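As given, the protein sequences belong to chains U and S, one line each in that order.
The numbers in the first sequence follow my numbering, run straight up by one, and end at 137.
The numbers in the second sequence follow my numbering, run straight up by one, and end at 274.
Working notes, structure below.
Number of protein chains: 2
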Amino acid sequence: MNIEAVKNKIVEGGLKFTHQRMVIYEAVSSTHNHPTAEWVFEQIKENNPSISLGTVYKTLDTFVNAQIIQKFVDNNGVMRFDAILEAHSHLYDKETNEIRDYQNKELETLIKGFFEKNKIKDFEVEDISVVIKGHNK
Amino acid sequence: MNIEAVKNKIVEGGLKFTHQRMVIYEAVSSTHNHPTAEWVFEQIKENNPSISLGTVYKTLDTFVNAQIIQKFVDNNGVMRFDAILEAHSHLYDKETNEIRDYQNKELETLIKGFFEKNKIKDFEVEDISVVIKGHNK
DNA sequence: TTCAGAGATAAGAATGATTCTTATTTAGTA
DNA sequence: TACTAAATAAGAATCATTCTTATCTCTGAA
C-alpha cells in the first residue's frame, strides 16, 4: 500500500494526517492475522523508536471510530484489529487461539435474507457475523 | 431450580459438590442477562459473606471446563456466563452494551446445512453462533 | 511565509478484570 | 474415623487498556 493511498484513507476518515497514523495504518493493513495493539507496536517501534504504546492504542481506537479499520474482541478478551471493512466471519481455533477470516457470499446472502424475512422486534440490525469455533485438523 | 437439581448438575459434571459451587450455579442460572463474575459475586456475597471474588472466578471457570455452563466475551472484553448450553446467538446493543439471547431453529438449520454442504478445509467445526450487532429502537 | 489553535503525541501512572500464590479447609471415600 | 486430593479464602500480581498532563505538530488562514 503506497503512502498516497494511506494518506487518503486517513484524510477521508476526517482525521489529521500524521506520521504515526501512517505507520500504524500500514502495520494493520500489512497482515491478515488480526493484530493486537501490542503486535502493531512491536512491528513499528524499531523504525519509530519514539512512538509510545499509549499512542498506538489511542490511534487504533481513533481509526475505529473514524471507520477506517474495525475491531473485535477475541476469545481471551483481547482487542483485535482488521483493515478489512467488509463484513466477514471468523474461524476461531479453540486450541491455538488463532483467528482466520472466513468469507462466503452465499452464507452472507443466506443470513441477510433470513433477517430481512424475520425482523427482530424493536431492534435495528447493523452488523451480522458468524463465529465459527473449532480446531484445525 | 431446586437444590437436588443443582447438585446433580455439579456432580454430573464430575465435580465435588460444595456450598459455594451451589450458590454460584444458582446465581448464574437465575438470570438470562449473561452475568459477569462481578455480578455473580455481588448477588451472593450478602448471604455468603465469606466467599471470595477469586473463588467466584475460579469456580465459574471450573464450571465452564466441566461443561456445566458456557462463557463468551462481550464487546468490551469482559467474560460473560450463561447456564444455557444449547447453541444460541446474541444480540449486542452497540449503545447500551446489553446482550440478549436470540434463538431461532430455522436460522440454526440454515447455517448447519450451509456448513454441512461447505466443509472448511482442514478445520473441524464445533460451535457456530451468529453475532448480531445493532441497537434498540 | 508565518502563526495560531486544535488536535495529536509521549510517557508513565492508573484502572479494572482476571489469574496466581500460599495457607487453610473440607468433601468424599475407604 | 482418618486421610487425601481438591476446593477455598485472601490478597497480591498480571496484563491489556485507558487516563492524565505536558509538549508537540499539522494544517489552514492570513
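Think of the CB as a built atom: it goes at the ideal place given N, C-alpha and C, for glycine as much as any other residue.
This structure is a prediction, so every number in the text was calculated from the model and none was measured.
With 16 other Cβ atoms within 10 Å as the buried cut-off, status of residue i
{"i": "residue 178/S", "result": "buried"}
{"i": "residue 82/U", "result": "buried"}
{"i": "residue 154/S", "result": "exposed"}
{"i": "residue 142/S", "result": "exposed"}
{"i": "residue 189/S", "result": "exposed"}
{"i": "residue 196/S", "result": "buried"}
{"i": "residue 138/S", "result": "exposed"}
{"i": "residue 180/S", "result": "buried"}
{"i": "residue 249/S", "result": "exposed"}
{"i": "residue 140/S", "result": "exposed"}
{"i": "residue 50/U", "result": "exposed"}
{"i": "residue 91/U", "result": "buried"}
{"i": "residue 148/S", "result": "exposed"}
{"i": "residue 119/U", "result": "exposed"}
{"i": "residue 169/S", "result": "exposed"}
{"i": "residue 242/S", "result": "exposed"}
{"i": "residue 89/U", "result": "buried"}
{"i": "residue 167/S", "result": "exposed"}
{"i": "residue 34/U", "result": "buried"}
{"i": "residue 121/U", "result": "exposed"}
{"i": "residue 274/S", "result": "exposed"}
{"i": "residue 9/U", "result": "buried"}
Residues that residue i bridges to, as DSSP identifies them
{"i": "residue 99/U", "result": "92/U"}
{"i": "residue 136/U", "result": "260/S"}
{"i": "residue 130/U", "result": "267/S"}
N- and C-terminal bounds of the beta strand (DSSP E) containing residue i
{"i": "residue 79/U", "result": "79-82"}
Limits of the alpha helix (DSSP H) - the one that residue i falls within
{"i": "residue 107/U", "result": "105-117"}
Just to confirm the assignment: which complete beta strand (DSSP E) runs, minimum length 3, are found wholly within the region 13-75 of chain U?
70-73
Taking only beta carbons into account, state which residues of the region 252-274 of chain S come closer than 8 angstroms to chain U, listed in chain order.
252, 255, 257, 259, 260, 261, 262, 263, 264, 265, 266, 267, 268, 269, 270, 271, 272, 273 and 274
Which of the residues in the region 80-92 of chain U, read from start to end, lie with their CB under 7 angstroms from any CB of chain S?
91
Residues in the region 49-61 of chain U having any Cβ partner in chain S nearer than 8 angstroms:
none
Listed in chain order, which residues of the region 164-181 of chain S have Cβ atoms closer than 8 angstroms to some Cβ of chain U?
none
Any residues in the region 96-112 of chain U with a beta carbon nearer than 9 angstroms to a beta carbon of chain S? Which ones, in chain order?
100, 102, 104, 106, 107, 110 and 111
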